[in-house]
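Asks:
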Amino acid sequence: MLLSCLFTACQTTTLTETAQTDSFIASINDSAIIDTSLNLLHTVDPKKIQQDSSLSETYSYDGIAYDTTELDIIITPFLELPPEIEGASELYAEDSTMLGRSEYLLAGNLEGVIFMRINGRLERLVAVKQEEYVEGAPRLFRNNMYELLIEDDELVQQVDYVIYRFVNVTVSSKRKKITTRLYGEIGC
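For reference, each letter of the sequence shown is one residue, going 7 to 194 in our numbering.
1. Does the Cβ-Cβ distance between residue 133 and residue 121 come in under 7 Å?
2. Quick one: what's got a C-beta closer than 7 Å to residue 152's C-beta in the same chain, skipping five residues either side?
3. Could you tell me which residues DSSP puts in a beta bridge with residue 5?
4. Could you tell me which of 102, 108, 193 and 113 sits nearest to residue 91, measuring between CA atoms?
5. By Cβ distance below 6 Å, which residues in the same chain neighbour residue 175 in space, the five residues on each side in sequence not counted?
6. Between residue 109 and residue 83, how many whole angstroms is the CB-CB distance? I'm expecting something under 8 Å.
7. Exposed or buried, which one is residue 96 when buried takes at least 16 other CB atoms within 10 Å?
8. Reducing DSSP to helix, strand and coil, say where residue 108 ends up.
9. Within 10 Å of its beta-carbon, does residue 190 have 16 or more other beta-carbons around it, so buried, or fewer, so exposed?
10. Between which two residues does the beta strand (DSSP E) holding residue 160 run?
11. Using only the alpha-carbon positions, how far apart do residue 86 and residue 158 sit?
12. What does DSSP give as the partner residue(s) for residue 170 in the beta ladder?
13. Near residue 1, what residues of its chain come up, given a Cβ to Cβ distance below 6 Å and the 5 sequence neighbours on each side ignored?
14. Rank 142, 192, 184 and 182 by C-alpha distance to the C-alpha of residue 164 and give the top, closest one.
15. Report the three-state DSSP secondary structure of residue 53 (helix, strand or coil).
16. For residue 58, name the three-state secondary structure that DSSP assigns.
17. Tell me whether the beta-carbon of residue 171 lies closer than 7 Å to the beta-carbon of residue 161.
Written as structure tokens, this is what we have:
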């Protein structure tokens with residue numbers, strides 16, 4: 007499963023209904039709730055469920071909800087490429103199957119712009135040093151919240167003008183840093 011090293015699934019959930027929102031709440035290990043009407047997770051003291059109706063920055067992916075204030079960096083796929091990604095590009099996923107289904111974890115236009123869905127939001131990052139793609143050279147991208155480093159790893163194959171390879175991607179924020187290996191294609 008996507009970035010499975012970061013998360014473990016909870017084994018038991020309990021459903022209760024709240025009068026305030028007419029939605030169902032699942033209590034996970036007595037430390038978090040999932041509002042299934044909004045597909046959001048809110049970390050709370052279970053005793054305060056009825057009193058606290060505000061939600062922290064949250065999102066869900068594949069039926070699992072995450073609280074971004076605790077985990078800080080979670081990468082999830084996106085299906086549609088931003089308009090800036092056309093022609094020569096680099097597209098990455100967890101593996102070739104996911105890439106074949108157009109479930110991207112990272113997409114760039116080879117002109118210094120990269121997109122990645124971090125904590126449920128599609129982030130646009132710009133190259134720190136504007137250069138053309140050079141195979142083997144590490145590339146650094148930033149926006150106001152994140153820094154992204156892409157380092158080429160294993161070359162799988164090259165077919166005509168397309169390179170298939172693994173890369174190591176490091177995403178950093180002010181509080182957290184994660185590194186993951188992605189599979190991708192670079193070219194036209």
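Positions of the beta carbon are idealized from the N, C-alpha and C atoms, including for glycine.
Replies: Taking the definition as stated:
1. Position 127 of the sequence shown, counted from the start, is the residue given in the question as residue 133. Position 115 of the sequence shown, counted from the start, is the residue given in the question as residue 121. The answer is no: Cβ separation not under 7 Å.
2. Numbered from its first residue, the sequence shown carries residue 152 at position 146. In chain order, 124, 129, 131, 177, 178 and 179 place their CB closer than 7 Å to the CB of residue 152, counting only its own chain and leaving out the 5 sequence neighbours on each side.
3. An answer regarding residue 5 cannot be provided, because it is not within the stretch 7 to 194 covered by the chain.
4. In the sequence shown, the residue the question calls residue 91 occupies position 85. Of the candidates 102, 108, 193 and 113, the one whose C-alpha sits nearest the C-alpha of residue 91 is 113.
5. As a working note, residue 175 is residue 169 in the sequence shown. Around residue 175: 156, 186 and 188.
6. Working through the sequence shown from its first residue, we reach residue 109 at position 103. Working through the sequence shown from its first residue, we reach residue 83 at position 77. Their Cβ separation, rounded to whole angstroms, is 4 Å, which keeps residue 109 and residue 83 in contact under 8 Å.
7. In the sequence shown, the residue the question calls residue 96 occupies position 90. With a threshold of 16 other beta carbon atoms within 10 Å, residue 96 meets it and is buried.
8. As a working note, residue 108 is residue 102 in the sequence shown. It is coil, neither helix nor strand.
9. Taking the first residue of the sequence shown as 1, we reach residue 190 at position 184. Burial call: buried.
10. Taking the first residue of the sequence shown as position 1, residue 160 is located at position 154. 153 to 165 is the extent of the beta strand (DSSP E) around residue 160.
11. Position 80 of the sequence shown, counted from the start, is the residue given in the question as residue 86. Position 152 of the sequence shown, counted from the start, is the residue given in the question as residue 158. In a straight line, the C-alpha of residue 86 is about 24 Å away from that of residue 158.
12. Taking the sequence shown and counting its residues from 1, the one referred to as residue 170 is at position 164. DSSP, once it has assigned bridges, lists 163 and 191 as partnering residue 170.
13. Look at the range of the chain in this structure, 7 to 194, and you will see that residue 1 is not part of it.
14. Within the sequence shown, residue 164 is the residue found at index 158, counting from 1. Out of 142, 192, 184 and 182, 192 has the C-alpha closest to the C-alpha of residue 164.
15. Against the sequence shown, residue 53 aligns to sequence position 47. With a pLDDT of 34 at residue 53, under the threshold of 50, the modelled position of this residue cannot be trusted, and the question is left open.
16. Numbered from its first residue, the sequence shown carries residue 58 at position 52. Legend: pLDDT at residue 58 = 32, less than 50; position of this residue unreliable, no value from coordinates given.
17. Here residue 171 refers to the residue found at position 165 of the sequence shown. Here residue 161 refers to the residue found at position 155 of the sequence shown. A contact, by the Cβ cut-off of 7 Å.
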